[in-house]
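Asks: Questions regarding the structure given below will be posed in turn.
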Amino acid sequence: MPRFAGKRVLVTGAAGGLGGAFARAFHDAGAALVLADRDGDGLARFAKTLGDGIECHRYEQGDLASIAALAKAVGAIDVLINNAGILLVSPLMETDPQTMAEVIRINLIGPMVLTRHLGEVMAKRGSGVILNVSSQLAFCGAEGRSAYAAAKAGLAQFTRTAAVELAAKGVRVVAIAPGRLLTPMTTYLTGDPERYKAGIARVPAGRYGTPEEIAKLALFLASGDADYIVGETIIADGGYVLS
Ligand SMILES: NC(=O)c1ccc[n+]([C@@H]2O[C@H](COP(=O)([O-])OP(=O)(O)OC[C@H]3O[C@@H](n4cnc5c(N)ncnc54)[C@H](O)[C@@H]3O)[C@@H](O)[C@H]2O)c1
Numbered sequence: 008m009p010r011f012a013g014k015r016v017l018v019t020g021a022a023g024g025l026g027g028a029f030a031r032a033f034h035d036a037g038a039a040l041v042l043a044d045r046d047g048d049g050l051a052r053f054a055k056t057l058g059d060g061i062e063c064h065r066y067e068q069g070d071l072a073s074i075a076a077l078a079k080a081v082g083a084i085d086v087l088i089n090n091a092g093i094l095l096v097s098p099l100m101e102t103d104p105q106t107m108a109e110v111i112r113i114n115l116i117g118p119m120v121l122t123r124h125l126g127e128v129m130a131k132r133g134s135g136v137i138l139n140v141s142s143q144l145a146f147c148g149a150e151g152r153s154a155y156a157a158a159k160a161g162l163a164q165f166t167r168t169a170a171v172e173l174a175a176k177g178v179r180v181v182a183i184a185p186g187r188l189l190t191p192m193t194t195y196l197t198g199d200p201e202r203y204k205a206g207i208a209r210v211p212a213g214r215y216g217t218p219e220e221i222a223k224l225a226l227f228l229a230s231g232d233a234d235y236i237v238g239e240t241i242i243a244d245g246g247y248v249l250s
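Structural data, given as structure tokens:
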């Protein structure tokens, strides 16, 4: 029996690199997928690679009404993977306040609000897992990442606090903090050989991570094998934060 047979799993940002890997891994593990992204065409193209009839939703994570509409359309799910996000690389003094607010709105407020809506449905049913995608930058400083890192650190703290509130209702909230992965978000690395090499030199494991290995961690965290892991943000970064 596949591990996630009979489970409905919502992956946000599923048109992207990591979201696509999450979707594929849960699909292969027997889950019924519900995919969401603001890139409706990209999402439809990706869903086709998995097969016909996969439920897809276009939504905008920076817009509270759009998040509420997504939650209403989706209804009851077993696993929510709050993966959609944007990277901003911009020195603090050169970042305009509206851009800062947008990064916080999309990367932090959006997942909080989706958790609020779908967590409520899970709590009523007495079961569910919410998996937030934070970042290694929740745990260390980095040039030009102040808004992004603040949002991701906020998401790690939100994971702890929501987990404490929801655990007794049968809903487990956890997070993953990936190190640098090669996805469309990090084309600034693949397009610049010097920067690419310099980035690897800072990772004790000597390589960037892959979306597939983060997806394997998600499969574990969303499964019953991780039932006693509550509110943790698991770092998977090849040792970057420790070095
Ligand atoms: N790639 C990395 O190195 C890395 C490292 C740590 C954490 N992360 C996190 O992993 C997650 C996925 O990143 P990725 O590398 O796959 O990036 P990606 O750019 O490949 O994918 C992000 C997806 O999210 C969607 N999205 C972005 N903003 C949205 C919005 N406002 N509403 C709806 N959908 C939206 C995009 O359309 C895209 O499909 C992000 O939260 C990112 O911060 C990535």
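According to the numbering used here, the stretch in the sequence shown is residues 8 to 250, in order.
Even glycine gets a Cβ: it sits at the ideal position worked out from N, Cα and C.
1. Which of the three DSSP states, helix, strand or coil, is assigned to Glu-62?
2. Grab the span of the alpha helix (DSSP H) containing Leu-74 for me, first residue to last.
3. Could you tell me the alpha carbon to alpha carbon distance between Asn-114 and Gln-105, rounded to whole angstroms?
4. Would Ser-134 be called buried (16 or more neighbouring beta carbons within 10 Å of its own) or exposed?
5. Give me the DSSP bridge partner(s) of Leu-87.
6. Find the nearest neighbour of Ala-160 within the set Ser-250, Val-41, Pro-185, judged by alpha-carbon distance.
7. Between which two residues does the beta strand (DSSP E) containing Val-180 stretch?
8. Assuming Phe-29 contacts Ala-225 under a Cβ cut-off of 8 Å, what Cβ separation, rounded to an integer in Å, is found between them?
9. Taking the C-alpha atoms as reference points, what is the distance between Glu-62 and Thr-19?
10. Could you check if Gly-13 is buried or exposed, using at least 16 other CB atoms within 10 Å of its CB as the buried criterion?
11. For Ala-243, report the span of its beta strand (DSSP E) as first-last.
12. So, does the segment 114-129 touch the segment 207-220, judging by three or more C-beta pairs under 8 Å?
13. Out of Leu-40, Ile-241, Gly-246, state which residue places its alpha-carbon closest to the alpha-carbon of Asp-59.
Replies: Once the coordinates are examined:
1. The residue given as residue 62 occupies position 55 in the sequence shown. Strand at Glu-62.
2. Along the sequence shown, read from residue 1 onward, the residue named residue 74 stands at position 67. First, the amino acid is wrong: residue 74 is Ile here, not Leu. 71-81 is the extent of the alpha helix (DSSP H) around Ile-74.
3. Residue numbering aside, residue 114 sits at position 107 when the sequence shown is read from its first letter. Residue numbering aside, residue 105 sits at position 98 when the sequence shown is read from its first letter. Rounded to the nearest angstrom, the two C-alpha atoms are 14 Å apart.
4. Within the sequence shown, the letter at position 127 stands for residue 134. Exposed, since its Cβ has fewer than 16 Cβ neighbours within 10 Å.
5. Residue mapping note: residue 87 aligns to position 80 of the sequence shown, counting from 1. Leu-17, Ile-137.
6. Taking the first residue of the sequence shown as 1, we reach residue 160 at position 153. Among Ser-250, Val-41, Pro-185, the Cα nearest to that of Ala-160 belongs to Pro-185.
7. Position 173 of the sequence shown, counted from the first residue, corresponds to residue 180. Note, Val-180: beta strand (DSSP E), 178-185.
8. The residue given as residue 29 occupies position 22 in the sequence shown. The residue given as residue 225 occupies position 218 in the sequence shown. About 6 Å separates the two Cβ atoms, so the contact holds.
9. As a working note, residue 62 is residue 55 in the sequence shown. As a working note, residue 19 is residue 12 in the sequence shown. Cα to Cα, Glu-62 sits roughly 12 Å from Thr-19.
10. Here residue 13 refers to the residue found at position 6 when the sequence shown is read from its first residue. Gly-13 should be labelled exposed.
11. Looking up residue 243 in the sequence shown gives position 236. Note, Ala-243: beta strand (DSSP E), 240-243.
12. no
13. To locate residue 59, count along the sequence shown from 1; it is residue 52. Of the listed residues, the one whose Cα sits closest to Asp-59 is Leu-40.
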